[in-house]
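Asks: Okay, handing you the structure first.
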Amino acid sequence: MRSKYEVVIGLEVHVQLSTATKIFCGCSTDFGNEPNSQTCPVCLGLPGVLPTLNRQVVENAILAGLATHCDIAPRSIFARKNYFYPDLPKGYQISQFELPICIGGYLDIETEDRGQSRIGITRIHMEEDAGKLIHPETPGASYSLVDLNRACTPLLEVVSEPDMRSADEAVAYLKKLHQTVVFLGVSDGNMEEGSFRCDANVSVRPVGQKEFGTRAELKNINSFRFVKQAIEYEIERQIDVVEGGGTVVQETRLFDSNTGLTRSMRGKEEAHDYRYFPDPDLVPLIISKEWVGQVRERLPELPEAKMERYISDMGLPRQDAEVLSGEKAMAEYFEACVELHGTPKTCANWVMGEITRALNEDSLSIAACPLAPERLTAMLKRIDDKTISGTIAKTVFQEMWTSGKSADEIIEEKGLKQVTDTGAIEKVVDDIIAANPAQAEEYRAGKKKLMGFFVGQVMKASKGKANPQAVNEILKKKLAG
Ligand code: ADP
Ligand code: MG
Ligand code: ZN
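Each residue of the sequence shown is one higher than the one before, counting from 111 in the working numbering.
The structure is reproduced here in structure tokens:
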């Protein structure tokens, strides 16, 4: 029954830009400070003040537009979107409506079900955020408070075409967009702080029908997991409505992450008529080709290009390249290691291996990695020059991770230097062979697999410090003899 229906999804994403100051005034955009401490007459919406456009916001919007293959409009207009809300002191939000700064782009995504698909981007526009209402949790409190620190902070709204066909595709698109703005450095992408939030428009239609079904809009979802849950619930709900002989109504719904359900917030009748009109306080924004060209020069290398370079220039396997290029902080860490050490595959192994394991164990992100690339690669040099073995390196790594000491200090203090002195190793080998006559016999009779056993015994006896290569050679010689 479910397979009779096709799902159609379009996303509207709000991205908070990480400029130092607000979009139309010089107030700081810092998060989490004393309420109303970052305000001025402009962002408080006092009468008689004039907004001044932040150049950095425009350049960030151009960067986002270029990275998503949009056209940059040579002329765009700021418009007033009129509505009343206590956290919007002016009674209108300055946004863009008819002539946004970026139009007609796309992002390519990949999902297991549909493989590669191209999701159209209708437009990207700039706007100011509203303030925040705080509803005190004190029982019986009959008032709300307003914090205008966020009022007038810069946002990009990225509107997609209704091109997605499943919750998985919506999540893949959202992740790609998130990755893009973070790599561009235009946003910190912090979803918990609301720097990246999404409205999902969802509808269903019988397979083969050309017209779209009526959509519901799910408001302000701030995690990838919730986007998937909300959309999946909404699909089921709409199919049930249609199967039950009803019709889906156009409405705005809220997702409740506690119950996993969406519920109606307002219907079409209550939908706002915002009475948009060009803001007379702001002149049209004219963007020359030269300006776009200058901004284009600043486009950083994005994940796909990085991945290709890791494969073709560094010779990494595709899987490694994909993991290492997928997250900005991870790519930066890895590239710093390669710069210092020189062998990409070794660096890749340690970053994807021990570093990732230790980060997970301590629930840290790589951006907060306590072990700088300099310290890691200083230890890798000690493997290269045979001061320590790869096995001992794991011990050294763990100690570096927790103690903050350097590899050399730890090797020295704990006496972990590798034993390469063949005389000393021969002595241990002799002892081990003498202690295991039965195994030695079997080995000589052809059970070559036992080599592993002997190597293990010798390494154990030397507390891991014997050079494994030397151990192998000496064992072979002595067992043969
Ligand atoms: P609004 O601001 O009223 O929400 P838009 O017409 O700009 O309006 O549409 C917003 C989003 O809804 C876009 O991302 C678009 O792709 C998506 N959308 C439009 N129609 C449908 C539909 N029938 N099903 C799913 N998504 C849709
Ligand atoms: Mg909408
Ligand atoms: Zn201000």
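C-beta: ideal position from N, C-alpha, C; glycine also.
Can you tell me whether L163 is helix, strand or coil according to DSSP?
Replies: For L163, the secondary structure class from DSSP, reduced to helix, strand or coil, is coil.
Asks: So, for T290: in the same chain, excluding its five sequence neighbours on each side, which residues have a beta-carbon less than 6 Å away from its beta-carbon?
Replies: A177
Asks: Mind checking whether the beta-carbon of L121 lies closer than 7 Å to any heavy atom of the ligand ADP?
Replies: The ligand ADP has a heavy atom closer than 7 Å to the beta-carbon of L121.
Asks: Using the Cα positions of K491 and H451, report the straight-line distance between them to the nearest angstrom.
Replies: 7 Å
Asks: So, using beta-carbon positions, are T263 and K114 closer together than 8 Å?
Replies: 8 Å or more divides the Cβ of T263 from the Cβ of K114.
Asks: Taking one C-beta from the segment 502 to 516 and one from the segment 470 to 487 each time, how about it: are there three or more such pairs within less than 8 Å?
Replies: yes
Asks: Shorter than 7 Å, the distance from the beta carbon of C135 to the closest heavy atom of the ligand ZN, or not?
Replies: For the ligand ZN, at least one heavy atom lies less than 7 Å from the Cβ of C135.
Asks: Could you work out which residue in Q429, G318, L589 is closest to K557 when comparing CA atoms only?
Replies: When each option's Cα is compared against that of K557, the closest is L589.
Asks: What do you reckon, is the C-beta of K132 under 7 Å from a heavy atom of the ligand ZN?
Replies: yes
Asks: For A468, which residues in the same chain have their Cβ closer than 7 Å to its Cβ, ignoring the five residues on either side in sequence?
Replies: Here the set comprises W511.
Asks: What ranges does the alpha helix (DSSP H) occupy inside the segment 421 to 468, keeping only unbroken runs of at least 4 residues that lie completely in it?
Replies: Qualifying alpha helix (DSSP H) stretches, in chain order: 428 to 436, 438 to 451, 454 to 460.
Asks: DSSP state of D518, grouped into three classes?
Replies: Three-state DSSP puts D518 in a helix.
Asks: Nearest-angstrom Cα distance between I498 and Q528?
Replies: 5 Å
Asks: Considering only the beta carbon of each residue, do H235 and E267 sit closer than 8 Å?
Replies: Against a cut-off of 8 Å, the Cβ pair of E267 and H235 comes out as a contact.
Asks: Can you give the Cα-Cα distance for I204 and E418, rounded to whole angstroms?
Replies: 41 Å
Asks: Taking C-alpha atoms, which residue in I229, D223, L209, L154 lies nearest to E122?
Replies: Here the closest residue by C-alpha is I229.
Asks: With respect to the alpha helix (DSSP H) encompassing E267, which residues constitute its N-terminal and C-terminal limits?
Replies: Per DSSP, E267 belongs to no alpha helix (DSSP H); it is in the beta strand (DSSP E), 264 to 270.
Asks: Specify the secondary structure class of N330 as computed by DSSP and reduced to three states.
Replies: strand
Asks: Where does the unbroken beta strand (DSSP E) through L589 begin, and where does it stop?
Replies: Counting along the chain, L589 falls outside any beta strand (DSSP E), though it belongs to the alpha helix (DSSP H) covering 578 to 590.
Asks: Here's the rule I'm using: 16 or more other beta-carbon atoms within 10 Å means buried, otherwise exposed. How should Q348 be labelled?
Replies: buried
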